[in-house]
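A.B. asks: One line per chain: the protein sequences are A and B, in this order. Quick note on numbering: the first sequence equals residues 15 to 304 in our numbering. Quick note on numbering: the second sequence equals residues 15 to 304 in our numbering. Ideal placement from N, C-alpha and C gives every residue a C-beta, glycine not left out.
Protein chains: 2
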Amino acid sequence: MDVDAYMAERLPRIEAEIEARFTGAASDAAGWPESLTGAMRHLLFPGGKRLRPVFALAAAEAVGGPAEAALPLAVAVELIHTYSLVHDDLPCMDDDDERRGRPTVHVAYDEATAVLAGDALLTEAFAALAEGALATGQGERGLLVAAELARAAGAAGLVGGQVDDLLFEAEQTTSGGTDHARLASIHARKTAALFGAAIVGGATLGGANDDERATLATFARDVGIAFQIADDLLDADSEEAASILRLQGLDDAKRGAEALLDRALARIEGWGERAEPLRRLARFAVRRDR
Amino acid sequence: MDVDAYMAERLPRIEAEIEARFTGAASDAAGWPESLTGAMRHLLFPGGKRLRPVFALAAAEAVGGPAEAALPLAVAVELIHTYSLVHDDLPCMDDDDERRGRPTVHVAYDEATAVLAGDALLTEAFAALAEGALATGQGERGLLVAAELARAAGAAGLVGGQVDDLLFEAEQTTSGGTDHARLASIHARKTAALFGAAIVGGATLGGANDDERATLATFARDVGIAFQIADDLLDADSEEAASILRLQGLDDAKRGAEALLDRALARIEGWGERAEPLRRLARFAVRRDR
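Here it is in structure tokens:
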């Protein structure tokens, strides 16, 4: 199955599961303020490529589990990814007026609503994961996945990466000096950490054992960093791209991403046919070919 | 045991458990950016009365469980309470420069750091709860408590209450009209929801059955709203107090809080000696007498 066919089959289930947080029978969204719901949905529908959720499903399948087991986590990682974009766009952070060709949340609503919509998306992510894991009887594993998701999204992960990214950018404007290791560390936290939580967590909900979890943790880290490099190269207008290109040059960056992808794929080489969607997704994420 | 003695015994354990998130052996705080850690700690040490954490412990004991079982939740509710204060103080929200006699986080650091410190406190709350519940082998119950905490803190609870509070205040400045039911609904979400999660969740981790959980949910709602009224009356300088006093007058408000407290206490009247700390805490929260 190629990536397009795999995603065509999996994406509608992911979309329906995200939508169910807002309109499903178990949702408490009837009690949400209207402006908050609108602001939460603004960047979520239509969203991006839903790459993190699809990775979570593919990881569950790669260890022999059903894709469904990872659906609660798939929703959670997409809500967290979306919250981080809403807050990153704020005037006090990157101050972006547009994203994906549409006004950002603080432009479409206002700044207070954007902060609160981000807070709500982050919080509802844990509700989605916990309720979903409870419903499928995954008490112990659900709690482990929640703990790892929180660590990936927290001060050592996503939030910490954004703090250092802002510091890094402020320093770039006042000095010419750059630091490759530091940029890699920012990427590892801003992108690879949540990729890792999606992939390792998806596999955990799919029944992974400790060895499989450990292998996928390294796999996810390599794929996450390679994805970020590829994304920067594609998006050549961004300041991020400018900084990484200044650091190592276009060709070097491409080679670096390919090397990370090769290393990641080698780690799960012996996992057989059921890991094929995960391999194809990794290639797609880094090379954008199908 | 009076409230002072109870709190004197329990508070050091709560403080140590919160501190352990930053410096404990299981903490990942060594990898947190320094400015982020400072901003997260700013309002947390010294904190407020730690009323929500103490309630969590007392609720665990009220159903015959050990106070320790509720410690992970005690940390989580205090981190969430603190995050909500950090974000509420932001220039785009209540725009407060001081809290508890000290500069607010966005004044002591900057706005971006305050947003991110709040995000990190919220996220680490779920890490604290999930890791703590895993460590004490509470898979299923830990996940249930996490789900309920997320609902209480999310769009139907704390965040939704703040959205409506901002709308309410904006309308107050443009019109003289007030709405008592609406203000009560805001209080229920901004204060009572997190009280409820602390009390019901603490009892759940202490081994509560479904009947006890249901009773405590109504107990917590009454106590939470009564506490908020009492707090507004004490803090007569605040705009919130002005609005509630305008709505019902000082004496009416006092009587309302007393009636809620009486109703709450009646619900757990037959629970015996082990629920005495919970009763005393409720009286203390509403009347401030010991």
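Among the candidates B/Val177, B/Leu197, B/Ile213, B/Ala278, whose CA atom is the shortest distance from the CA of B/Phe233?
C.D. replies: Here the question's residue 233 of chain B lines up with position 219 in the second sequence. The shortest Cα separation from B/Phe233 among B/Val177, B/Leu197, B/Ile213, B/Ala278 belongs to B/Ala278.
A.B. asks: What is the DSSP secondary structure of A/Pro60, reduced to helix, strand or coil?
C.D. replies: In the first sequence, the residue the question calls residue 60 of chain A occupies position 46. It is coil, neither helix nor strand.
A.B. asks: For the stretch 149-185 of chain B, which segments carrying the alpha helix (DSSP H) assignment without a break, of at least 4 residues, lie completely within its bounds, in sequence order?
C.D. replies: As far as the stretch 149-185 of chain B is concerned, its whole alpha helix (DSSP H) runs of at least 4 residues are 153-167.
A.B. asks: Could you please give me the residues that DSSP links to B/Glu112 through a beta bridge?
C.D. replies: Start at 1 with the first residue of the second sequence, and residue 112 of chain B comes out as number 98. DSSP output for B/Glu112 lists B/Pro117 as bridge partner(s).
A.B. asks: At a CB distance below 7 Å, what residues from the stretch 141-167 of chain A approach chain B? Give them in sequence order.
C.D. replies: Cβ contacts with chain B: Ala141, Ala144, Glu145, Ala147, Leu148, Gly153, Glu154, Gly156, Leu157, Leu158, Ala160, Ala161, Ala164, Arg165, Ala167.
A.B. asks: Could you compute how far the alpha carbon of A/Ala296 sits from the alpha carbon of A/Leu275?
C.D. replies: To locate residue 296 of chain A, count along the first sequence from 1; it is residue 282. To locate residue 275 of chain A, count along the first sequence from 1; it is residue 261. For A/Ala296 and A/Leu275, the distance between alpha carbons rounds to 7 Å.
A.B. asks: Look at B/Ala53 and B/Ala164 and say whether their C-beta atoms are less than 8 Å apart.
C.D. replies: The residue you call residue 53 of chain B lines up with position 39 of the second sequence. The residue you call residue 164 of chain B lines up with position 150 of the second sequence. Not a contact, by the Cβ cut-off of 8 Å.
A.B. asks: Distance, Cα to Cα, A/Thr96 vs B/Leu208?
C.D. replies: Within the first sequence, numbered from 1, the residue matching residue 96 of chain A stands at position 82. Within the second sequence, numbered from 1, the residue matching residue 208 of chain B stands at position 194. If you take the alpha carbons of A/Thr96 and B/Leu208, they lie about 25 Å apart.
A.B. asks: Taking A/Asp42 as part of the alpha helix (DSSP H), name the residues at either end of that continuous run.
C.D. replies: For the purposes of this step, residue 42 of chain A is identified with residue 28 of the first sequence, where counting begins at 1. Taken as a continuous stretch (DSSP letters only), A/Asp42 belongs to no alpha helix (DSSP H), as it is neither H nor E.
A.B. asks: If we count Cβ pairs, one from each stretch, closer than 8 Å, do we get three or more for the stretch 33-53 of chain B versus the stretch 123-139 of chain B?
C.D. replies: Touching, yes, given that three or more Cβ pairs across the two stretches are closer than 8 Å.
A.B. asks: Short of 8 Å Cβ to Cβ, which residues in the stretch 200-215 of chain A face chain B?
C.D. replies: The stretch 200-215 of chain A vs chain B, Cβ under 8 Å: nothing.
A.B. asks: Use the C-beta contact count for B/Phe59: other C-beta atoms within 10 angstroms, 16 or more gives buried, fewer gives exposed.
C.D. replies: Mapped onto the second sequence, residue 59 of chain B falls at position 45. It counts as exposed.
A.B. asks: Taking all protein chains shown into account, do 16 or more other C-beta atoms lie within 10 angstroms of the C-beta of A/Thr118, making it buried, or fewer, making it exposed?
C.D. replies: One-based indexing of the first sequence puts residue 118 of chain A at position 104. It is buried - the Cβ of A/Thr118 has at least 16 other Cβ atoms within 10 Å.
A.B. asks: With distances taken between CB atoms, is the gap from B/Glu82 to B/Pro105 smaller than 8 Å?
C.D. replies: What you label residue 82 of chain B is simply residue 68 of the second sequence in a count that begins at 1. What you label residue 105 of chain B is simply residue 91 of the second sequence in a count that begins at 1. No; because the gap between Cβ atoms is not below 8 Å, this pair is not in contact.
A.B. asks: What does the alpha-carbon distance come out to for the pair A/Ala76 and A/Ala222?
C.D. replies: For the purposes of this step, residue 76 of chain A is identified with residue 62 of the first sequence, where counting begins at 1. For the purposes of this step, residue 222 of chain A is identified with residue 208 of the first sequence, where counting begins at 1. Their Cα atoms are separated by approximately 9 Å.
A.B. asks: I think A/Arg235 touches A/Gly210, with their Cβ atoms under 8 Å apart; what is that distance to the nearest whole Å?
C.D. replies: Walking along the first sequence from the start, residue 235 of chain A turns up at place 221. Walking along the first sequence from the start, residue 210 of chain A turns up at place 196. About 6 Å separates the two Cβ atoms, so the contact holds.
A.B. asks: Using the beta-carbon of each residue, which ones in chain B are nearer than 7 Å to A/Pro47?
C.D. replies: Looking up residue 47 of chain A in the first sequence gives position 33. Per Cβ cutoff of 7 Å: Gly174, Val177, Asp178.
A.B. asks: Could you name the residues of chain A that B/Asp111 contacts, counting a contact when the two beta carbons are closer than 7 Å?
C.D. replies: Position 97 of the second sequence, counting from 1, holds the residue named residue 111 of chain B. Here the premise fails: no neighbours, minimum Cβ distance about 16 Å.
A.B. asks: By Cβ distance below 7 Å, which residues in the same chain neighbour A/Met21 in space, the five residues on each side in sequence not counted?
C.D. replies: Sequence index remark: in the first sequence, residue 21 of chain A carries index 7 (1-based). Closer than 7 Å at Cβ, skipping near neighbours: Val68.
A.B. asks: I'd like to check one pair, A/Ala139 with A/Leu93: are the Cβ atoms closer than 8 Å?
C.D. replies: Counting from 1 along the first sequence, the entry for residue 93 of chain A is found at position 79. Counting from 1 along the first sequence, the entry for residue 139 of chain A is found at position 125. Against a cut-off of 8 Å, the Cβ pair of A/Ala139 and A/Leu93 comes out as a contact.
A.B. asks: Would you verify that the beta carbon of B/Asp103 is, or is not, closer than 8 Å to some beta carbon of chain A?
C.D. replies: The residue you call residue 103 of chain B lines up with position 89 of the second sequence. No, B/Asp103 does not count as interfacial toward chain A.
A.B. asks: Return no unless some Cβ of chain B is closer than 8 Å to the Cβ of A/Ala126.
C.D. replies: One-based indexing of the first sequence puts residue 126 of chain A at position 112. Cβ-Cβ to chain B under 8 Å: yes for A/Ala126.
A.B. asks: Could you tell me which of A/Glu185, A/Leu85, A/Leu180, A/Leu65 sits nearest to A/Ala206, measuring between CA atoms?
C.D. replies: Along the first sequence, read from residue 1 onward, the residue named residue 206 of chain A stands at position 192. Nearest C-alpha to A/Ala206: A/Leu65.
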